[in-house]
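Residue numbers (this note's numbering), protein chains in the order written: chain V, 1 to 242; chain G, 243 to 484.
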DNA sequence: AAGTGGTCTAGACCACATG
DNA sequence: ATGTGGTCTAGACCACTTC
């Protein structure tokens with residue numbers, strides 16, 4: 001049986017997911033929707049919602065007329081790019097012990113590009129946070145975050161940024177990050193970045209993410225650029241037909 | 243009013259989307275779900291389904307208690323990476339005139355990696371298709387597709403691969419591509435690739451996609467590697483909280 | 001023929017935002 | 001207080017797969 005809050009759908013989803021990871025279903029076949037509904041004492045609609053979310057994540061797939069099945073391949077994948085992950089969690093899911101180092105926190109007028117992207121006045125100030133993430137002590141990700149100073153109404157110190165920036169925004173600014181619009185850009189690591197990420201001396205290709213973070217109201221609140229060492233971190237994604 | 247097939251939900255979605263692009267809604271505010279349901283003569287559930295899909299695409303966003311709104315920023319984005327696009331369509335959406343050139347079609351035993359990824363016998367044959375896509379005559383994307391020969395039961399010629407590979411699989415092999423699992427890998431273009439893509443003489447960073455394509459039954463049917471010139475093509479993605 | 005997922009309905013109640 | 005989106009129900013019918 002099941003109670004409210006979090007929603008029945010979420011609870012059903014979590015429960016089914018757990019059973020999947022416990023390999024409780026023979027040959028990857030998940031019980032029929034009606035069966036699950038009876039078993040959990042909820043309506044078929046609720047079960048369908050739960051299954052739809054699992055399908056969207058790639059955890060299961062459905063075949064009309066035939067049944068619902070576990071997507072065995074997806075069980076290996078712990079972080080998908082379409083979801084927002086704190087880098088610490090992402091590194092942990094990859095099996096590393098994460099940590100981070102604050103490189104710099106500054107406050108200065110935004111550049112034209114940044115101001116335009118964040119929809120603030122051209123001369124408005126932004127707080128810029130530069131941060132290095134390490135996996136088992138090895139540098140893997142370097143991030144630059146620009147936050148309009150007008151959103152930060154409280155006092156803060158550089159150390160407040162050891163936590164994820166989205167968490168800082170939530171706790172200190174009552175701003176909830178809802179989504180990112182991300183652009184994937186390849187580059188050859190310039191010298192300063194190669195040094196920071198401990199890259200080998202020869203030219204190395206990197207992925208960078210250029211992202212604008214949006215609040216739940218869809219207002220731009222954050223500009224983020226991240227550089228990944230791809231030898232330690234694989235970026236994965238599920239693509240579907242619409 | 244509205245009729246069946248495609249589903250009411252799909253029709254409602256398309257209709258609302260069209261109204262959004264026609265800018266028919268004042269200040270980006272979309273009528274309430276009840277209003278839309280009455281207007282289109284369907285249930286609120288159907289409208290909610292349609293709106294959920296639009297929300298998932300990033301076309302709209304919802305605020306509980308407040309309403310549903312157009313996501314103005316998303317109107318600029320024509321191709322999102324989480325969706326499967328034929329490269330021709332992708333290039334067209336970017337404003338280019340697309341074309342493609344078949345570089346090579348071969349048939350030979352799979353390499354160990356490929357066989358493992360495609361879940362076929364180690365010595366099974368694969369048909370490999372190498373193809374170059376051009377935007378306004380400029381090379382932009384180079385793709386290598388491996389298809390297990392056992393899936394191709396009909397005669398074919400190299401020219402059959404001017405169409406998208408997924409279309410070839412659908413028409414000639416009755417195999418429908420349902421999803422890709424993609425890995426994003428940066429690289430410095432080796433000489434042969436630089437030549438093929440007409441890259442400048444100095445070392446250039448590229449994005450490559452290493453993908454396994456799955457059928458609707460979730461069986462691996464295709465291995466694809468694509469190399470993008472990112473100066474002509476921007477890869478965009480919406481990331482969300484789960 | 002029987003069972004599965006896919007679509008759709010009508011109606012209920014709740015949580016939240018706004019005036 | 002009103003109206004909005006969020007959750008949930010019970011039940012109907014359809015399309016498809018499998019036996």
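Positions of the beta carbon are idealized from the N, C-alpha and C atoms, including for glycine.
Just so we're clear, the structure is a prediction, and the values are computed from it rather than from any experiment.
Between residue 427 of chain G and residue 453 of chain G, the C-beta gap is not smaller than 7 Å, which leaves the two residues out of contact. Residue 125 of chain V does not reach chain G, its nearest Cβ partner there being about 23 Å away, counting only Cβ pairs nearer than 8 Å. A residue is called buried when at least 16 other Cβ atoms come within 10 angstroms of its Cβ; residue 158 of chain V does not meet this threshold and is exposed.
Residue 483 of chain G sits close to residue 84 of chain V, with the two beta carbons spaced by under 7 Å. Against chain G, the beta carbon of residue 63 of chain V has neighbours under 8 Å at 458, 459, listed in chain order.
Following the DSSP letters along the chain, one finds residue 9 of chain V inside the alpha helix (DSSP H) bounded by residues 8 to 21. According to the DSSP assignment, residue 289 of chain G belongs to the alpha helix (DSSP H) that extends over 286 to 299. Comparing alpha carbon positions, the residue from V:108, V:99, V:75, V:180 closest to residue 22 of chain V is V:75. Counting only the Cα atoms, residue 349 of chain G lies some 15 Å from residue 364 of chain G.
Taking 9 Å as the upper bound on Cβ-Cβ separation, chain G lies near residues 218, 220, 228, 230, 234, 235, 236, 237, 238 of the segment 218 to 238 of chain V.
In the displayed model, residue 28 of chain V falls within a helix according to three-state DSSP.
Residue 412 of chain G: member of the alpha helix (DSSP H) spanning 407 to 415, first to last residue.
Here the alpha carbons of residue 386 of chain G and residue 231 of chain V stand approximately 22 Å from one another. The Cβ atoms of residue 445 of chain G and residue 203 of chain V sit closer than 7 Å to each other. Taking CB atoms only, residue 19 of chain V has no neighbour in chain G less than 7 Å away.
Below 8 Å, enough C-beta pairs join the segment 371 to 378 of chain G and the segment 336 to 348 of chain G to call them touching: three or more. Look at residue 138 of chain V here: in three-state DSSP terms it is strand.
Interface annotation for the segment 172 to 193 of chain V against chain G: 177, 178, 179, 180, 181, 182, 183, 184, 185, 186, 187, 188, criterion Cβ-Cβ distance under 8 Å. For residue 466 of chain G, the enclosing beta strand (DSSP E) covers residues 462 to 470. Counted as a single uninterrupted DSSP element, the beta strand (DSSP E) harbouring residue 213 of chain V occupies residues 205 to 215. When C-beta distances to chain V are compared with 8 Å, the residues of the segment 323 to 334 of chain G below that value are 323, 324, 325, 326, in chain order.
In this structure residue 420 of chain G touches residue 458 of chain G by the C-beta definition: roughly 4 Å separates them, less than 8 Å.
In the structure shown, the three-state DSSP call for residue 106 of chain V is strand. In this chain, residue 83 of chain V is not harboured by any beta strand (DSSP E), its DSSP state being neither H nor E.
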